[in-house]
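Reading the sequence shown from the start, the letters are residues -26 to -1, 1 to 97 in mature numbering (1 follows the signal peptide of the UniProt record, and there is no 0).
Read the structure below first, then the notes.
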Amino acid sequence: LIDKMFSKYFLVSVILVIFGTSPCLCDNFRDCPKEDTAQKLVAAIEREKPGSIFGPVTLDVVIPENGLFNSTITCVIVTDLSEDGHGGKVSIIGGGVGSEFVEIKIVSEFLRGLHYRFEVYTA
């Protein structure tokens, strides 16, 4: 009986260690093809989403929140602000450099939350 109980707890511990210490998929994202054209900071926002015991969490951000910028985007910077360095996978799913808006999706690691800063520049 003790051996079976030990085996179950050992297996659960191993699974938690594997998922709890997995390396980050991607902490930061930077798309600035021509640094000299990133002259005007038009958006600087911070978003945070707590982790979930049910799996990864998703953070969707559209910049600007309403409408479009008057100029095309020249640079998008997404910075992981988490204290432990475990962010998520950052993807641009709409707009971006050369557009008047950007839509960003971040998917966390298993059991981890998200804390990011978003900066958007135009010429």
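In this text, a Cβ means the ideal position worked out from N, Cα and C, and glycines have one as well.
Owing to the predicted nature of the structure, the values given are computational and were not obtained by experimental measurement.
#1: So what's T11 in DSSP terms, helix, strand or just coil?
#2: In this structure, how does DSSP classify C6 when only helix, strand and coil are distinguished?
#3: Let me know the secondary structure DSSP gives E22 once reduced to three states.
#4: Pick helix, strand or coil for R91, following the three-state DSSP scheme.
#5: Let me know if P88 comes out buried or exposed under the rule of 16 or more other beta-carbons within 10 Å of its beta-carbon.
#6: Examine the Cβ distances between the segment 60 to 75 and the segment 16 to 29 and report whether three or more of them are shorter than 8 angstroms.
#7: Per DSSP, what are the beta-bridge partners of V31 in this structure?
#8: By the three-class DSSP mapping on this structure, what secondary structure does A97 have?
#9: Mind checking S82: buried by the 16 CB within 10 Å criterion, or exposed?
#10: Which of the three DSSP states is assigned to E77 in this structure?
#11: If you draw a straight line from the C-alpha of A97 to the C-alpha of F28, how long is it?
Put simply:
#1: On the sequence shown, position 37 is the one that residue 11 refers to. Helix, per DSSP.
#2: Walking along the sequence shown from the start, residue 6 turns up at place 32. Residue state, collapsed to three classes: coil.
#3: By one-based count along the sequence shown, residue 22 stands at place 48. E22 falls in the strand class under three-state DSSP.
#4: As a first step, residue 91 must be located in the sequence shown, where it is residue number 117. R91 falls in the strand class under three-state DSSP.
#5: As a first step, residue 88 must be located in the sequence shown, where it is residue number 114. Just to set this straight, residue 88 is Leu in the shown sequence, not Pro. By the 10 Å Cβ count, L88 comes out buried.
#6: no
#7: The residue given as residue 31 occupies position 57 in the sequence shown. Note: V31 sits in no beta bridge, so no partner.
#8: The residue you call residue 97 lines up with position 123 of the sequence shown. Correct three-state label for A97: coil.
#9: As a first step, residue 82 must be located in the sequence shown, where it is residue number 108. Buried: at least 16 other Cβ atoms inside 10 Å.
#10: Position 103 of the sequence shown, counted from the first residue, corresponds to residue 77. Strand, per DSSP.
#11: Here residue 97 refers to the residue found at position 123 of the sequence shown. Here residue 28 refers to the residue found at position 54 of the sequence shown. Looking at the two C-alpha atoms, the distance is approximately 42 angstroms.
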